[in-house]
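Protein chains in written order, with my numbering: chain R, 98 to 435; chain W, 98 to 435; chain X, 98 to 435; chain G, 98 to 435.
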């Protein structure tokens with residue numbers, strides 16, 4: 098923690114700051130410059146917060162110098178974490194493409210989807226049974242019945258399933274139904290009670306980035322899960338909100354190398370929700386893999402035009418197959434598999 | 098719903114769009130321009146969604162022409178709604194300033210706070226027992242014990258209490274403890290399961306705007322509550338996230354007149370979280386009232402420097418009293434009371 | 098300047114940083130914490146830049162601790178600067194409302210405008226002869242002819258004129274035509290050659306904030322003008338670009354108290370371009386004055402529906418008159434005149 | 098142009114809108130829906146603007162349905178444009194990496210840079226003689242002397258040169274000095290007088306995207322150049338401004354496929370300014386090429402730690418060479434050369 102004092106600070110004001118630092122068991126260093134006096138707190142600064150000092154007289158501002166996340170940081174765990182999802186590794190040399198429809202609709206649709214996902218060479222499947230929709234009048238998902246349809250379809254092709262959890266009261270049902278990876282959606286990235294609950298189990302969790310969450314807040318949300326004991330966390334970049342209106346969100350590829358530097362955990366990308374249009378998905382997918390992502394979460398529907406939800410962003414089976422081919426070439430160029 | 102077709106659209110593609118519109122029981126109007134053909138769907142367009150058409154061949158894009166919110170819209174209810182909070186009107190001529198500490202700390206702190214709030218002339222009190230914190234290692238609130246402390250302190254001065262609900266499982270406890278106004282925080286504006294639950298009761302709900310929620314999404318979140326039957330909804334603007342780093346958030350005063358035009362429900366402002374510094378609160382409070390807000394949610398702490406949370410943004414009792422004086426003058430200039 | 102070193106920094110790396118600091122004539126202070134070593138540069142840190150250190154091995158990041166603007170800072174000049182515009186004071190107790198049409202169209206329109214501006218009680222007039230338009234096919238302004246029309250109309254009512262300069266090659270013409278206040282538009286806030294030119298004269302300059310300029314960048318742009326010798330600078334907040342699409346820009350009222358704290362120069366607001374709709378202008382104007390602005394730049398047109406440019410954001414003469422009445426009440430509530 | 102009327106519109110109000118449309122020589126189509134009446138203007142809608150209608154009584158809002166850019170649109174010119182830069186093609190199958198230092202410093206530095214750029218396999222060179230700097234106290238570039246140093250160094254290796262023009266008064270000097278490609282910087286994307294001037298010559302122009310410019314505004318700025326007669330325009334995405342503070346800008350890779358669809362002109366990317374750190378450059382470069390960019394503008398400095406400007410974002414010669422190797426692999430995966 099560094100505390101920058103006002104130009105005309107008094108000795109009394111400096112003493113008050115020093116006393117507050119020492120009260121918390123830390124030491125202090127004072128640097129008197131020509132324009133500002135700077136006080137540095139020496140010791141475990143996680144015990145301190147800028148707001149403790151910013152309200153004291155004579156303080157201009159204060160700031161942490163060490164990141165506030167710990168378990169998820171690469172500093173605490175230098176090697177890459179590879180998460181095992183029923184035998185499928187995520188976060189290692191092999192890139193994983195998780196494909197499937199936006200939402201579970203019918204058993205037939207899920208059976209067909211599972212077949213196409215498997216045929217395209219993907220090793221995991223996605224599908225939503227509970228859907229967060231902006232409008233209360235829109236289709237809200239098939240619910241528990243949808244989970245069952247999804248499970249039946251995926252089992253035939255031995256595909257682990259990935260699906261979104263929105264409500265803490267549904268967690269037990271998810272576990273009973275054998276959900277392999279729990280997805281925490283964008284709108285729930287800072288639903289702290291939900292994060293605490295999935296922190297108590299050991300099922301892998303995909304943590305999507307909030308619409309306007311900073312990388313630092315996102316890492317802190319992961320730390321909520323990790324602090325509970327569940328270290329099987331996968332970050333998923335899905336586009337951020339900006340001023341641009343020509344596409345739904347701006348896929349933040351810079352977050353990929355930055356996260357890979359800051360955390361040891363896997364990083365994947367959702368190119369479908371980012372752009373919001375199927376024709377943008379191949380370009381965004383290639384960019385994500387080229388930037389170093391460990392995998393993708395891609396929407397594919399057997400018949401996109403008939404999808405009940407996000408029809409305009411799903412690839413059709415052939416498009417998914419073609420995409421897999423190009424991504425494999427890029428993976429090889431980077432010394433990885435797919 | 099308007100559907101804009103590509104320049105080189107075929108008759109066959111136009112027919113497919115028309116068929117889809119008629120399948121949903123609406124009629125269509127075709128306008129063939131020199132550069133584009135535009136199809137208009139005639140009937141209740143809430144049955145349609147742009148994504149149904151955007152994936153069809155020949156479609157350039159499509160869009161709703163009517164707003165998707167209904168119960169909360171002023172179109173459906175032209176007169177201002179005044180919400181009654183244990184006899185205190187919110188949304189009418191009288192402006193309400195809801196003051197109190199960021200978080201409940203001790204009984205003494207709450208007793209002193211209630212006294213100062215009442216003495217300053219405020220008629221409602223705020224205080225957090227459950228705190229959404231970015232870091233899992235930060236103080237998470239006093240919980241149910243805090244609710245009790247808050248209730249005891251406020252009762253002495255007959256102040257209705259406003260406090261944040263984060264977890265659906267806590268709703269019954271809130272109701273048993275007699276919480277007068279339930280606050281849904283910024284991070285939960287699109288926690289749809291929580292919105293549905295508070296939609297089933299009739300306790301007034303303050304719905305804070307999400308960090309980067311559009312006015313339209315915010316109105317749709319209110320519609321979730323209203324669709325459940327609870328029409329006692331109060332919008333609270335609290336600053337949005339932008340590129341600016343000199344202050345925590347940018348208070349969006351434009352949202353005030355826009356909301357007053359779009360909805361019949363009351364609109365209040367939280368100037369404390371917006372700026373993030375106590376010295377900004379008076380200017381932001383004056384701006385909010387001058388722009389037409391029906392009230393404020395302001396942080397006040399008996400001893401700001403000792404606050405356990407957000408110490409740098411709370412007013413002290415004297416500052417609150419002074420602020421009330423100026424706001425009263427501005428209210429009068431606008432033909433309102435305070 | 099503070100330089101934060103990596104956790105596993107070597108003595109050699111620290112020495113390299115110290116050497117670089119000393120090379121520039123400054124001293125250094127070293128604070129060795131439990132997790133990080135922090136080096137502080139002591140002396141005139143404006144000689145240093147973070148990029149000098151960030152590329153050195155062992156450096157995590159570095160940052161200035163003192164603001165980079167000097168002449169425009171309140172630290173260098175504690176008292177408010179009041180700018181004299183042909184006898185009209187801007188920046189003092191009296192608030193100035195600068196009104197007029199978006200663009201100069203005809204002599205009749207300008208004559209009528211000047212009359213209405215004067216009758217409403219405004220003391221300065223605005224009008225654009227050179228218009229920055231997003232499209233090359235849109236009306237680009239009447240040019241020099243427009244300047245002349247504007248001058249003739251304003252002279253009759255003794256109103257100093259405010260108009261936008263876009264091209265350095267036009268500066269002499271502006272001075273010859275007796276422009277009283279030169280406006281630098283949003284798109285030119287960082288047109289540094291233009292800033293340097295208006296820094297060489299002493300005509301007052303209104304510096305509009307860039308669409309997504311931080312307060313700090315804005316102050317630095319003013320410093321460009323001030324560094325050339327022209328200290329007659331007026332900041333004009335006009336809304337910033339965000340994710341919100343319900344209105345053109347988000348008026349950033351927080352910038353008002355922040356600027357008043359950081360600089361001694363006057364701060365005004367343009368409520369017309371901010372919201373983009375005439376019906377939003379009264380609310381935004383009231384908010385701006387209540388937040389502490391020293392004036393406004395408001396669009397008024399004798400017949401808004403017939404305006405050649407931005408027709409939907411201009412007030413009509415009666416609306417301007419009404420607005421002046423309410424603003425006067427708010428000014429009084431704040432202990433100011435209008 | 099589509100004009101949406103209010104729910105309670107009168108026949109008189111509809112007539113006024115129709116008259117305005119016909120006044121401009123267009124026809125109209127009226128669609129009376131259950132909730133709204135929609136009027137469509139039929140003919141060349143570029144003669145109309147939403148603001149003409151939005152201020153009329155009874156109008157809710159209006160909007161263009163056709164894009165406002167014409168010459169630069171792919172609709173007007175379906176095939177990709179390949180720009181010839183002294184024999185080097187940009188925009189075709191071959192990808193071009195334009196490398197060089199941020200700013201021209203000395204003849205020795207430029208000579209060494211040119212040699213390394215050429216050895217790495219790049220075919221064009223970049224370097225700034227005039228630098229747009231946020232602070233007036235920072236190094237502003239070597240000016241005309243710098244142009245000469247740059248020319249001498251590049252000529253030895255037969256590298257066409259790319260350099261930034263900030264001031265219209267310098268254009269003749271640039272042409273006399275034989276600048277091969279003129280760069281219009283981020284801060285000047287809407288400096289319309291500058292755009293008009295470079296529209297009058299035929300030297301290729303790199304048009305960088307403004308810090309918070311929408312894709313549509315960017316295309317309109319290109320249209321300014323094209324409307325003057327110069328169709329040799331190259332778009333350069335360089336990161337946009339968002340709420341994220343962990344990196345300087347967010348590289349908007351989605352803009353690449355969107356631009357390639359909207360315009361026939363080449364699109365390149367500047368990965369150095371986007372991230373702001375050299376260690377991010379390889380990942381961002383790979384993402385850009387994988388997403389379909391036609392080239393890159395990359396900073397390389399013989400000795401990054403000693404650079405006078407942006408030292409922390411330049412690659413060293415070996416890093417550039419390595420990057421070229423990987424990019425070549427990705428280009429091949431996409432069926433392109435490098």
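Glycine included, every Cβ here is placed at the ideal spot set by N, Cα and C.
Just the Cα atoms here: how many angstroms apart are residue 297 (chain W) and residue 339 (chain G)? 38 Å
Which residues bound the alpha helix (DSSP H) around residue 160 (chain G)? Premise fails: residue 160 (chain G) lies in the beta strand (DSSP E), 156-160, not in any alpha helix (DSSP H).
So for residue 196 (chain W), helix, strand or coil by DSSP? strand
If you run the structure through DSSP and keep just helix, strand and coil, what is residue 303 (chain X)? strand
I need the DSSP call for residue 169 (chain G), collapsed to helix, strand or coil. coil
Cβ neighbour criterion (16 or more within 10 Å) applied to residue 280 (chain G): buried
Secondary structure, alpha helix (DSSP H): runs of 4+ residues fully inside the stretch 252-313 of chain W: 268-273 and 289-295
Host beta strand (DSSP E) of residue 181 (chain G) (start-end): 180-182
Assuming residue 321 (chain R) and residue 233 (chain W) are in contact, meaning their beta carbons sit under 8 Å apart, how far apart are those beta carbons, in whole angstroms? 4 Å
State the Cα-Cα distance for the pair residue 332 (chain W) and residue 308 (chain X), rounded to the nearest angstrom. 28 Å
Which residues in chain G have a C-beta closer than 8 Å to the C-beta of residue 402 (chain X)? List them in chain order. 152 and 153
Coil, strand or helix - residue 208 (chain W) by DSSP: helix
Using beta carbons (cut-off 8 Å, strictly below), is residue 116 (chain W) in contact with chain R? no
Can you say whether residue 429 (chain R) is buried or exposed, counting buried as having 16 or more other CB atoms within 10 angstroms of its CB? exposed
Measure from the alpha carbon of residue 176 (chain W) to the alpha carbon of each residue in W:361, W:432 and W:342, then state which is nearest. W:361
Have a look at residue 287 (chain X) and residue 202 (chain G) and give me their C-alpha separation to the nearest angstrom. 23 Å
Give the residues of chain W in contact with residue 298 (chain G), contact being defined as C-beta atoms less than 7 Å apart. In chain order: nothing, as chain W lies at least about 31 Å away.
Could you please give the first and the last residue of the uninterrupted alpha helix (DSSP H) stretch that includes residue 413 (chain G)? Where residue 413 (chain G) is concerned, there is no enclosing alpha helix (DSSP H), given that its DSSP letter is neither H nor E.
Hey, residue 350 (chain W) and residue 356 (chain X): beta-carbon distance below 8 Å or not? no
Along the stretch 320-353 of chain G, where does the CB come closer than 7 Å to a CB of chain R? Name the residues. 337, 339, 340, 341, 342, 343, 344, 347, 348, 349, 350, 351 and 353
Please list the partners that residue 198 (chain W) has in chain R, where partner means a Cβ-to-Cβ separation under 8 Å. None at all; the shortest Cβ gap to chain R is about 13 Å.
Anyone know if the C-beta pair for residue 437 (chain R) and residue 316 (chain R) falls short of 8 Å? Because chain R is modelled from 98 through 435, residue 437 (chain R) falls outside the range shown and cannot be assessed.
Ignore the nearest five residues each way along the sequence and tell me which others in residue 213 (chain R)'s own chain have a CB closer than 6 Å to its CB. 414
How close, in whole Å, do the beta carbons of residue 130 (chain X) and residue 137 (chain R) come, if the pair is a contact with beta carbons under 8 Å? 7 Å
Taking the alpha carbon of residue 403 (chain G) as the reference point, which residue from X:114, X:373 and X:108 has its own alpha carbon closest? X:114
For residue 363 (chain G) and residue 106 (chain X), what's the separation of their Cα atoms in angstroms? 44 Å
Reducing DSSP to helix, strand and coil, say where residue 360 (chain X) ends up. strand
Please report the residue range of the beta strand (DSSP E) in which residue 369 (chain W) lies. Here residue 369 (chain W) belongs to no beta strand (DSSP E); instead the alpha helix (DSSP H) covers 368-372.
Measuring straight from C-alpha to C-alpha, what distance separates residue 397 (chain X) and residue 411 (chain X)? 5 Å
Could you name the residues of chain W that residue 133 (chain G) contacts, counting a contact when the two beta carbons are closer than 8 Å? 162 and 163
Going by beta-carbon coordinates alone, are residue 435 (chain G) and residue 382 (chain G) separated by less than 8 Å? no
Could you say which of W:285, W:303, W:431 and W:133 lies nearest to residue 278 (chain W) if we only look at CA atoms? W:303
Short Cβ contact (8 Å threshold) for residue 111 (chain R) with residue 158 (chain R): no
What does residue 288 (chain G) reach in chain W if we use C-beta pairs closer than 8 Å? Per Cβ cutoff of 8 Å: no residues; residue 288 (chain G) is ~21 Å from chain W at best.
Would you identify the three-state DSSP class for residue 378 (chain X), choosing helix, strand or coil? helix
Any beta carbon from chain X within less than 8 Å of residue 99 (chain R)'s own beta carbon? yes
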